[in-house]
Amino acid sequence: MSPQALTRYAEAAVRAALAAGSLLAKYVGRPRTVGTKRSPIDLVTEVDRAAERLIYRILHRAAPDVGFLGEESGEHGEEAPSRWVVDPLDGTNNFVHGLPLFGVSIGLEHRRMIVVGVIYDPMRRELFVALKGQGAFLNRHPIRVSPTRRLSHSLLSTGFSFHSLTHTQPYLRWFQTLQQRSHGVRRIGTSVLSLAAVAAGRLEGFYERDLQPWDLAAGALLVEEAGGRITNLEGRPVVLGEGRLIASNGHIHRELLQVLAQPRHK
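For what it's worth, numbering that gives the first Met the number 0 labels the leading residue of the sequence shown as 0, then goes sequentially.
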């Protein structure tokens with residue numbers, strides 16, 4: 000894909016993310032309806048769905064030949080060589096309770112490679128953009144991962160998905176070990192903002208399992224383009240849909256892998 004095409008797609012993704020973020024900001028803490036999907040803690044609101052419809056309209060108008068995979072509506076245009084991978088509202092539980100930690104995530108996958116990543120935090124008006132081979136940016140300013148070289152000097156983030164209700168012990172052991180070996184482990188309730196924070200050098204690492212493609216597509220590219228490293232829990236390249244992720248500034252990646260390799264949970 001040419002640099003000109005990447006720029007054109009990125010501009011469309013930015014327009015869609017900003018529009019969706021504006022919609023979310025109007026309803027934070029006061030959605031009209033709240034339902035559940037795959038578990039009692041896997042919440043969805045009418046705002047999630049409205050934001051995804053808005054994103055779809057903007058992206059489809061800009062690039063009608065590109066497929067679309069959204070958290071709420073599923074996949075459209077499965078045969079296309081490129082597809083948008085979209086989470087219209089990551090951090091729905093935070094959003095429902097009025098906690099201003101949530102974001103919009105839009106990635107463009109081309110021939111199984113993420114080539115554009117856009118994350119928008121509407122409450123802080125922070126727009127993160129990455130283009131494959133062209134770097135990562137926050138509000139148009141280049142960003143780089145943290146230079147910290149030791150796990151013991153690092154601040155980390157993790158997440159507990161709705162799947163974790165059935166196998167909490169590995170999470171708790173990882174959490175306890177890393178809490179003792181680092182400056183701390185945060186759980187902010189949104190993987191996309193955690194990945195953006197790693198890319199911006201605010202966190203040294205993030206780990207989670209059971210992630211969906213829309214949870215990590217844009218953020219993984221941001222981290223890599225900011226100079227960081229992305230692997231699965233075994234240290235291999237991440238495949239969308241696999242769900243197991245370690246993101247770091249690169250310097251502490253080996254130490255994180257050593258901790259997360261034990262205990263293992265299939």
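We put the beta carbon where it would ideally sit given N, CA and C, even for glycine.
When secondary structure is reduced to three states using DSSP, residue 127 falls in the strand class.
With 16 or more other Cβ atoms from the protein chains shown falling within 10 Å of its own Cβ, residue 228 counts as buried. Per DSSP, reduced to three states, the secondary structure at residue 246 is strand. Taking each of 184, 217, 70 and 213 in turn and checking the Cα distance to residue 203, the smallest one comes out for 184. In terms of Cβ geometry, residue 256 and residue 218 do not form a close pair [threshold 8 Å]. Residue state for residue 60 is assigned as helix, using DSSP reduced to three classes.
Between the C-alpha atoms of residue 254 and residue 242 there is a straight-line separation of about 20 Å. If only uninterrupted beta strand (DSSP E) runs of at least 3 residues are considered, those enclosed by the stretch 49-101 are 66-69, 73-75 and 81-89. The C-beta separation of residue 221 from residue 101 comes to about 17 Å, leaving the pair out of contact by the 8 Å criterion. A direct Cα-to-Cα measurement between residue 191 and residue 113 gives close to 15 Å. Here residue 187 has 100, 156 and 193 as same chain residues with Cβ atoms under 7 Å from its own Cβ, once five neighbours each way along the sequence are excluded. Residue 246 and residue 83 have their alpha carbons spaced roughly 22 Å apart. A straight-line Cα-Cα distance of about 32 Å links residue 23 and residue 171.
For the set 180, 115 and 10, the Cα lying nearest the Cα of residue 224 is the one of 115.
For residue 135, no alpha helix (DSSP H) run applies; the uninterrupted beta strand (DSSP E) run containing it begins and ends at 134-137, by DSSP. Ranked by Cα distance from residue 138, the options 45, 248, 199 and 234 are led by 199. Shown here, residue 44 sits in a strand according to DSSP, grouped into three states. Distance from the CA of residue 15 to the CA of residue 54, rounded to the nearest whole angstrom, comes to 5 Å. In the DSSP assignment, residue 206 is bridged to 157 and 245. As the crow flies, the alpha-carbon of residue 211 is around 6 Å from that of residue 240. Under DSSP, residue 122 forms no beta bridge with any residue. Contact annotation, residue 81 with residue 108: C-beta distance approximately 7 Å; criterion of less than 8 Å satisfied. Under the DSSP assignment, residue 185 falls outside any alpha helix (DSSP H), being part of the beta strand (DSSP E) whose first and last residues are 183-185.
When DSSP states are grouped into helix, strand and coil, residue 169 belongs to the helix group. Collapsing the DSSP output to three states places residue 27 in coil.
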